[in-house]
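See below for the structure under consideration.
Residue numbers (this note's numbering), protein chains in the order written: chain A, 1 to 113; chain B, 1001 to 1114.
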């Protein structure tokens, strides 16, 4: 079953604009991760935020986590055509030391040059 | 490191045939995961191993699916007999622990069962 749900399902913006994707989940978590998938390729890990963190930055990426609302957001600033991809959030349940990383359905981002 | 290596990249087979997908994880990684991706169901975790031992296979759809990890550098996912509904992209991923580096995915095997 899917733990995370991304919103929107699809997003189209112009190069240089910011892109914001949201993720909601259902159960308590140990950490939340964001991945990128280019068409026809495997997933690439972008960033991990732990349940006791509220915000994290990596280059043009900014991730926030609100455990009270069970939600996270991924912001890509100054987007580039190369950012065109699908973005997935993934969560690991916090109650056990499990390797189960459950992925959402993803947001498809198109950045127009 | 060459990353997680999967073979073949594409596989087309007839219904009823046996299919074997292969994965070489990153050297030193102690966890290995098999995922399946379809448009309808998204990414599903099928099974994962820790130090070559299967830990959780609750995602394996049915007895037609089996996975092995005979050593730290090789794993297989076998489907016998295959059915059209098994058509999907199958990903292998590996990680060192369950900490902060995330999982490294292979490029996947696109399986088509006709």
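Cβ coordinates follow ideal geometry from the N, Cα and C atoms, glycine included.
Here the structure is a predicted model, which is why all the values come from computation and not from measurement.
Asked, Found
"The segment 98-111 of chain A in contact with the segment 1055-1069 of chain B per 3-pair CB rule at 8 Å", "yes"
"Straight-line gap, residue 1014(B) to residue 1045(B) (C-alpha atoms, nearest Å)", "25 Å"
"Assigned secondary structure, residue 1030(B) (DSSP; H/G/I helix, E/B strand, else coil)", "coil"
"Coil, strand or helix - residue 1081(B) by DSSP", "coil"
"Endpoints, beta strand (DSSP E) assigned at residue 9(A)", "Where residue 9(A) is concerned, there is no enclosing beta strand (DSSP E), given that its DSSP letter is neither H nor E."
"Where residue 12(A) falls, given that 16 or more other Cβ within 10 Å makes a residue buried", "exposed"
"Extent of the continuous beta strand (DSSP E) to which residue 1017(B) belongs", "Taken as a continuous stretch (DSSP letters only), residue 1017(B) belongs to no beta strand (DSSP E), as it is neither H nor E."
"Listed by chain order, chain B residues near residue 57(A) by CB distance under 9 Å", "Neighbours of residue 57(A) on chain B: none; closest Cβ ~15 Å, over 9 Å."
"Sequence-distant residues of the same chain with beta carbon closer than 8 Å to residue 993(B), five excluded per side", "Because residue 993(B) is not part of the residues shown, which for chain B are 1001 to 1114, the question remains open."
"Contact list for residue 1050(B) against chain A, beta-carbon separation under 9 Å", "99"
"Cross-chain neighbours of residue 1144(B) in chain A, by beta carbon under 9 Å", "Any property of residue 1144(B) remains undetermined from this structure, which presents chain B solely from 1001 to 1114."
"8 Å Cβ cutoff, residue 109(A) in contact with chain B", "no"
"Close-in-space but distant-in-sequence residues of the same chain around residue 1098(B) (CB under 8 Å, 5 per side omitted)", "1031"
"Interface partners of residue 996(B) on chain A, CB under 8 Å", "Coverage of chain B is limited to positions 1001 through 1114, which leaves residue 996(B) absent and any answer about it impossible."
"Where residue 82(A) sits in the DSSP three-state scheme", "helix"
"Neighbour flag for residue 1055(B) against chain A, beta carbons, 8 Å", "yes"
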